[in-house]
Structure formats: C-alpha cells, structure tokens
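Asker: Before we start, here is the structure in question, set down as structure tokens.
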Amino acid sequence: MAQIVLTGVHKKYPSGFHAVKGVDLLIADGEFLVLLGPSGCGKSTTLRMIAGLEDTTEGSIAIGDRVVNDVHPKDRDIAMVFQNYALYPHMSVRENMAFALKLRKLPKAEIKQRVDQAAGMLGLELLLDRKPAALSGGQRQRVALGRAIVREPKAFLFDEPLSNLDAKLRTSTRGEIKALHQRLKTTTVYVTHDQEEAMTLGDRIAVLANGVVQQNAPPLEVYQHPVNRFVAGFIGTPAMNFLDGRIVADGPNLAFVEGAQGEGLRVPLEGPIAQVARARAGAEIVLGVRPQGLRIGDAGNAGAASLPVELVEPLGEQMDVTLRSPAGVKLVARVPAATLAAGTKAPVLIDPSRVHLFEPGEFGAALTTR
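This is the structure in structure tokens:
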C-alpha cells in the first residue's frame, strides 16, 4: 500500500483541449478517494494519468515514495478495474485471475493460494472453471475485482466499474467493494458520475468540473457544506432547488425574496445565515434548499405559500412532489407520503435553518457559514 500524490497535474491534448487543469490531490495510504463529476469533467483522464495510460502535460504523480511520470504502467504496481470487465473470453475464471501472476513468473503454489483466497472473498469458489460467457454481469465484475486483488498492488484504480450493472446488482456489488476495502485497506481511487456511489463508498470525495477540483472533502461535508453552487447541485438526490432573488429588510429582520421584482417566494433568514445575508442586503443572490428542506404544511400555517402541484412521485413512505414557484421556478420537495394530486395546490414551507446562499452563476461561491 502507498499514498498517491498529484501535484499541479495538467492534461492538454494536441487539439488544444485542456482536460485537466492543475489538479492537486493527496490520497493517504489506505484511503478510498472518489473522483466524482459529470461526463467530460476530467475524472477518468486523471485516473488514467495515475495508471500511466495517459501522459501528463504538466505536474507530477507520485505513488509511494517515487514519482511515476516516466514509469511504464506495468511497473507502477497498481491494479485497474474497468467498466467493461476486460476479461479474456477463452480463459476460465481461474485462468483470468491468475494471468498477471503467471506473467510475473510467481510459483504455482503461490498463484493458487492467491486465487483461492480472492475467490473465497468474492464468493467465486464454484465458478473458477467457468468461462466469462457463462457468467452474469455481476459475476464478471467480481472476477475483474478478483484479478485485481490477487496482484496485491499498492493501489486499486476503478473506472466506473458498476455502470454496466442493473440497479440491484450495482447496490450489492457496491457493498462488496466497500467491504473489500475495509478488509484489505488498499489505497483506492474510484471514478464515478453517480453521486450515490460516491457518498456511500468514499472516505473523501473530490468533485470535478471542467477539469478543476471544486471540492475535496469527506462525503457529509460535501453534502452539508458545498463550497459552490455546482457542488451543491451535483450532490444529493433529488438535486438541490435554486431560487434567484435578493436579500431585503423585513422589519428588523432579513428575508430572501425570489424574483427580480420580489414577486416570488419569501423566506425569512435566521441565525448565522442572517449575519452573512446582512452584508449582502439588496444584492442579487441565489438561495438553495434541498428537497428535504421543503415541507407540505396546513393551509393555516403562517408563512406557507400555496403552490401548484405539477407531479407526485410516490416512493413508499415518502414521495417527491414537483411544484412551481410564483416566479415560475420548478421546485422538488421530498416529504412523507400523503394524499396529494397533480393539478391541485399545496401550502409549502421552506425550513429557514436548511437554506444555503450562493453568489450568482453556475459556480457561484457559497456564502453561508457552518
């Protein structure tokens, strides 16, 4: 095992496209770091540079105590698990798992011991003589994991390994990967666009956009204290709601008012967030609130706004309700299941203790304090 350090890493292609822009990351020995972001954000390119499958344009990458910029991928002592499994179809499960060890000319007894041990961890003992064509997608992914485990590398690199699995298999295989990491404690870098995977797997999440690390922190910190509007909108299901408006005086207190003319929702601001808002009184601002911060109240609730219901999506004990603000902005509320129908109106309250304030713009900085 070893730490991985990226210092000022850039990737520019001959076409002029700048895929990765000055990434600095320290992945501690035994840590599970998730690179999270939308398609084209640079996360897979960053992983491929760590693996040696892409050259770095600028900066350095160190694995353990050596810089590996000029080290061949096979000599970096890492194991990579791909989205498409990359198994040899003519080989059995045992042969696929043992192949890299045979190339390293390890003794047969050691190869067998490592393969049997990995198969036991992954529940593959009864499948060792099968060919990949006779396996399900989840079984093939476990074989790919086993092939990586037997190498006993300094680091595991995962490139969206669960993308080809159905929802149930994704959940179960995700649990297997987490349990394996807790058992092996091998330094791991995991690429995904799925924020649920990132939240459940990672010790830390590095959120990327446009080739830049926007935030690098533990999952709950990224969720509860996003550094900008992009991170806030990317993390969380359903996504955070955003309202454009201004901070206005409401008697001795402050409130956020939606819309250029103040025609929309009005949200009182309390506590530490009011202190931040006071310095921005009159300025354009963006208010963010997660669906869990919206409540469907009673018609008599003071401060409740009657909003049209456009869609109701039952989820068992909860439901997602799509509403429309007075300024025409779509809002999603995740609330306890109740009798509610599209085409009606519902009294909606925004919890002032759960709102965030951001500068305007896609990457507007967070203004709220912890």
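Counting in the working numbering, the sequence shown runs from 815 upward without gaps. Cβ coordinates follow ideal geometry from the N, Cα and C atoms, glycine included.
Please work out which residues of its chain come closer than 6 Å, Cβ to Cβ, to A912, disregarding the five sequence neighbours upstream and downstream, and give them in chain order.
Answerer: Excluding positions up to five away in sequence, the list reads I925, V929.
Asker: Taking Cβ positions, are V1100 and F1048 nearer each other than 9 Å?
Answerer: It is not a contact, given that the beta carbons lie outside the stated cut-off.
Asker: Excluding the 5 residues preceding and the 5 following E974 in the sequence, name in chain order all residues of the same chain whose CB lies nearer than 6 Å to its CB.
Answerer: The answer, listed in chain order, is Q897, V1005, T1006.
Asker: Based on Cα-Cα distance, which residue from K857, D889, E845, K999 lies nearest to V837?
Answerer: It is K857.
Asker: V907 and R944 look like a contact to me (Cβ under 8 Å); what is the Cβ gap, rounded to whole Å?
Answerer: Correct: roughly 6 Å between the Cβ atoms.
Asker: Look at the alpha carbon of D889 and the alpha carbon of V823, and state the distance between them as a whole number of angstroms.
Answerer: So the two alpha carbons sit approximately 20 Å from each other.
Asker: Would you mind working out which of D1064, L1129, R1109 sits nearest L1137, comparing C-alpha positions?
Answerer: If we check each option's Cα against that of L1137, R1109 comes out closest.
Asker: Does DSSP put Y1004 in a helix, in a strand, or in coil?
Answerer: Y1004: strand per DSSP, three-state reduction.
Asker: Quick one, which of G1102, K922, H904 has its alpha-carbon nearest E1176's?
Answerer: Here the closest residue by C-alpha is G1102.
Asker: For the segment 959-1033, which segments carrying the beta strand (DSSP E) assignment without a break, of at least 3 residues, lie completely within its bounds, in sequence order?
Answerer: Runs found: 969-973, 1001-1006, 1018-1023, 1026-1031.
Asker: Using the beta-carbon count (16 or more within 10 Å), is Y899 buried or exposed?
Answerer: Buried: at least 16 other Cβ atoms inside 10 Å.
Asker: Taking A1180 and P1032 to be in contact with their CB atoms under 8 Å, please state how far apart those CB atoms are, rounded to whole angstroms.
Answerer: Wrong, their Cβ atoms sit about 17 Å apart, outside the cutoff.
Asker: Per DSSP, what kind of secondary structure is K826 in: helix, strand or coil?
Answerer: Note: K826 maps to strand in three-state DSSP.
Asker: Spatial neighbours of V1081 within its chain, please: C-beta separation below 7 Å, excluding the five flanking residues on both sides.
Answerer: Closer than 7 Å at the Cβ level, and outside the excluded window around V1081, lie A1069, F1070, L1101, I1164, P1166, V1169.
Asker: Report the CB separation of L849 from T860 in whole angstroms; it is logged as a contact under 8 Å.
Answerer: Contact flag correct, Cβ pair sits at about 6 Å.
Asker: Is the CB-CB distance between M894 and A932 below 9 Å?
Answerer: Contact flag unset, no.
Asker: Between the segment 989-999 and the segment 952-959, do at least 3 Cβ pairs fall closer than 8 Å?
Answerer: Yes, the segment 989-999 touches the segment 952-959.
Asker: Short of 8 Å in beta carbon distance, which residues of its chain neighbour P1140, apart from the five on each side in sequence? Order them along the chain.
Answerer: The residues are E1072, G1073, E1077, G1078, L1079, A1119, L1121.
Asker: What is the DSSP secondary structure of F1044, reduced to helix, strand or coil?
Answerer: Correct three-state label for F1044: helix.
Asker: Expressed to the nearest angstrom, what Euclidean distance is found between the alpha-carbon atoms of P1161 and I1019?
Answerer: Distance between the alpha carbons of P1161 and I1019 is about 37 Å.
Asker: Bridge partners for A1147 per DSSP, in chain order?
Answerer: Its beta-bridge partners are V1135.
Asker: Could you give the distance in angstroms between the alpha-carbon of L983 and the alpha-carbon of G951?
Answerer: The straight-line gap from Cα to Cα measures roughly 8 Å.
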